[in-house]
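Each number in my numbering corresponds to the 1-based position in the sequence shown with 74 added.
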Amino acid sequence: MRSGNIGKILTEVKKGIVIGLLLIGFYGVGAYIYKSQTRNEAESEIKIKDDDKNKGNIEANYEIYGYRYKNEGDKESKVLKRNLGYEKRIAEAVNKEEVHNKLKLEYCASIAEIKKVDKKIMPGTNISFTQAAYTQVKNAYEGYLQKIAQIKQAILTIENKDIERETGCYYEPTRWDKVNNLNYRLKDFLQ
């Protein structure tokens, strides 16, 4: 054999060794990824089973007036009674009719949100009472009452119109409000 042929053969052998090492490396990485995924799936199944056991202990541990909540939550309300600016929005509007229509929609949406409490759902969400603290539900309810009161006042004061008659959306205290002896009045939420 010639030395030129030997050089070519050695080059081919070197290439084969490099390719073989690369293939072994890729196989090792693939095997590692497969094993770690299988291990993570097994661990997540164990965690899910443990979470299901623990949820029974955590959920709905607090009951008040026949309604079950996740817990009591903070003792104090976090809703700040403040001016939400509806009167200013109407007064400064270039197109008052457009603003009036948006406020009517917001008013009806707020009425629908506070009615959720009678279905044991926290206003503004689809979270059931058993997943929320009592204070969270109360704060959400108060927030929507504040909107309702101030929209109603703004339209009555500036446009001298009754939003409830125009929209067909009427505020009535909810069963939840009555049962909890909260006795909210809209005038309590005016600024």
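Yeah, the Cβ is synthetic: ideal placement off N, Cα and C, and Gly gets one too.
Small disclaimer: the values here were computed from a predicted structure and weren't measured.
| said: For the beta strand (DSSP E) containing R142, name the first residue and the last one. | reply: 141-143
| For W250, which residues of its own chain have a beta-carbon under 6 angstroms away from its beta-carbon, when the five flanking residues on both sides are left out? | V191, D192
| said: Taking only three categories from DSSP, how would you classify D126? | reply: Model confidence at D126 stands at a pLDDT of 49, short of 50, so the residue's coordinates are unreliable; what they give is reported in the following sentence. Helix, per DSSP.
| task | With a cut-off of 8 angstroms on the beta carbons, I'd call S151 and N213 a contact; round off their distance for me. | result | 6 angstroms
| Grouping DSSP H, G and I as helix and E and B as strand, with all else coil, what is S202? | strand
| query | Nearest to N257 by alpha carbon, out of G78, K149, E216, V103? | reply | E216
| Extent of the continuous alpha helix (DSSP H) to which Y215 belongs | 208-228
| message | Give me, in chain order, the residues of the same chain whose beta-carbon lies closer than 8 angstroms to that of L97; leave out the 5 immediate sequence neighbours on both sides. | response | none
| query | Taking the C-alpha atoms as reference points, what is the distance between Q210 and E146? | reply | 9 angstroms
| Counting only beta-carbon atoms, is R249 nearer than 9 angstroms to chain D? | Going by chain labels, chain D is absent from the structure shown, which holds only one protein chain.
| query | Along the chain, where does the beta strand (DSSP E) that runs through I237 open and close? | reply | Run containing I237: none in the beta strand (DSSP E); it sits in the alpha helix (DSSP H), 237-241.
| E137 in three-state terms, based on DSSP | strand
| Based on Cα-Cα distance, which residue from Y106, L260, Q227, K155 lies nearest to R163? | Q227
| request: Using the Cα positions of Y181 and K189, report the straight-line distance between them to the nearest angstrom. | output: 13 angstroms
| request: Identify every residue that forms a DSSP beta bridge with I195. | output: S202
| What number of angstroms, rounded off, separates the C-alpha of R156 from the C-alpha of K176? | 21 angstroms
| said: Among the candidates G198, E172, E171, Y143, whose CA atom is the shortest distance from the CA of Q205? | reply: Y143
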